[in-house]
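J.: This structure is in structure tokens; I'll ask about it shortly.
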Amino acid sequence: MPSVKTNLIIALAIGALVSALLLAIEPLTDFAYLSLEWPGITVAYFFWGAIGGPTFLGIAISWLVNALIYGLGAFVILSTVKVLREA
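Counting from 1, position 18 in the sequence shown corresponds to residue 18 in the UniProt record's numbering; the numbering is continuous, with no gaps.
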């Protein structure tokens, strides 16, 4: 069975892919899935409003926060599957 560290790395990779996919399909879907990006957009908005700076930095922060949030969800699912397999 994969260790916790392996599950964490896999989950973060899944989160990064989901976040990148959401950013890539925004213009193609006319921002139909924008609600799935609210955690990252909110953090980027607060950071950008407090500090200012380039838009690219806000997009990078949004991507990173969404990757961590979706990675956390994937980690919970992977950990649950691991526990259920061991039982």
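Note that CB positions come from ideal geometry on N, CA and C, so glycine has one too.
#1: Is it the case that the Cβ atoms of residue 56 and residue 11 are separated by a distance below 8 Å?
#2: What distance in whole Å lies between the Cβ atoms of residue 35 and residue 70, which are believed to be in contact at a cut-off of 8 Å?
#3: Considering residue 2, what are the terminal residues of the alpha helix (DSSP H) in which it resides?
#4: Leaving out the 5 sequence neighbours to the left and right, which residues in its chain are closer than 6 Å to residue 47 when beta-carbon positions are compared?
#5: What do you get for residue 13, buried or exposed, if any count of 16 or more other CB atoms within 10 angstroms of its CB means buried?
T.: Taking the geometry as given:
#1: no
#2: With a Cβ gap of about 14 Å, residue 70 and residue 35 do not count as contacting.
#3: Looking at the DSSP string, residue 2 is not in any alpha helix (DSSP H), and its letter there is neither H nor E.
#4: 61
#5: exposed
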